[in-house]
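> In UniProt numbering, the protein residues as written are 1 to 205. Beta carbons: idealized from backbone N, C-alpha and C, even for Gly. This structure is a prediction, so every number in the text was calculated from the model and none was measured.
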Amino acid sequence: MSPRSSLADAARTRAAILAHGTAVASVEGLAGLTIGRLAADLGMSKSGLLGPFGNKETLQLQVVEAAADVFWREIWEPVADRPAGLPRLAAVCGSWVRHLARPVFPGGCFFIAAASEFDDRPGPVRDLVLGYADRWHRELRGQALRAVADGDLPAGTDPEQLIFELTGLVLALHQALRLRQDAGAVPRACQGMARLLGVPVRPTA
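(1) Mind checking which residues open and close the alpha helix (DSSP H) that includes G131?
(2) Based on Cα-Cα distance, which residue from M193, P203 and E28 lies nearest to F105?
(3) Using a threshold of 9 Å, state whether the C-beta atoms of L49 and L38 are closer than that.
(4) Reducing DSSP to helix, strand and coil, say where Q181 ends up.
(5) Tell me which same chain residues have a C-beta within less than 6 Å of the C-beta of R14, skipping the five on either side of it?
(6) Quick one: grab the DSSP three-state call for R121.
(7) Please look up how many angstroms separate the CB atoms of L18 and A66, rounded, as I've assumed it's under 8 Å.
(8) Below 8 Å on the Cβ atoms is my guess for M193 versus V201; work out the distance and round it to an integer in Å.
(9) Quick check: the stretch 172-191 against the stretch 71-78, are at least 3 beta-carbon pairs closer than 8 Å?
(10) Kindly confirm or deny that the stretch 148-162 and the stretch 110-130 touch, where touching means at least three C-beta pairs closer than 8 Å.
(11) Roughly how many angstroms separate the alpha carbons of D41 and V63, rounded to a whole number?
(12) Start and end of the alpha helix (DSSP H) containing C93?
(13) Does the distance from the C-beta atom of L171 to that of I112 stay below 9 Å?
(14) At the level of alpha carbons, what is the spacing between C190 and P203?
What follows is the structure, given as structure tokens:
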């Protein structure tokens, strides 16, 4: 086998491990990720799985990073070409709703679950989850600020309050979909977002 083939095989194996890891963590939490569990699920030896990761914490960190890539690709990238400000913010809200409604991960939103699991657990995993949450908040706030500057939102709009309320609707939607399996939650979430933004919000990319 050529070195190039070996590298390609290693990359495919790592991608398969991370994809399965994000799915498991979305349902059972990052604490449920163990080398032994994933090795058994994927029909690998523990030593074979240890190679790319080394230990449980490194595995958890890389699973968080893989989930962040999916989140960004699902929610931000499809609407990144919309005009900055209110058009992009409304489109992002729509793709965020769509991401939860599909759902992309079997346990619902990976980051809602991870934030709840690690909010009181100091350490590198919490720091990474918080870092991604802060990055998302900054992106949304930036679009809200642009919308105010453009006059598309009222001059007195508080961007922090707006993002707080939009995030609250997402959390309510997640609970309604996962816990209560409420099919009417998606239009209600879109209605609430539209009321805050003053423009329609549709759960499409």
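If we stick to the structure as given:
(1) For G131, the enclosing alpha helix (DSSP H) stretches over residues P124 to A149.
(2) Ranking the options by Cα distance to F105, first place goes to E28.
(3) Taking 9 Å as the Cβ cut-off, L49 and L38 qualify as a contacting pair.
(4) Coil.
(5) Here the set comprises P52.
(6) Here R121 carries a coil assignment [DSSP, helix/strand/coil].
(7) The pair is a contact, with the Cβ atoms about 4 Å apart (cut-off 8 Å).
(8) M193 to V201, Cβ: 4 Å. Contact.
(9) The stretch 71-78 is not in contact with the stretch 172-191.
(10) Result no; under three Cβ-Cβ pairs closer than 8 Å.
(11) The alpha-carbon atoms of D41 and V63 are separated by roughly 16 Å.
(12) C93 -> alpha helix (DSSP H) spans L86 to A101.
(13) For L171 and I112, yes; Cβs fall inside 9 Å.
(14) Here the alpha carbons of P203 and C190 stand approximately 7 Å from one another.
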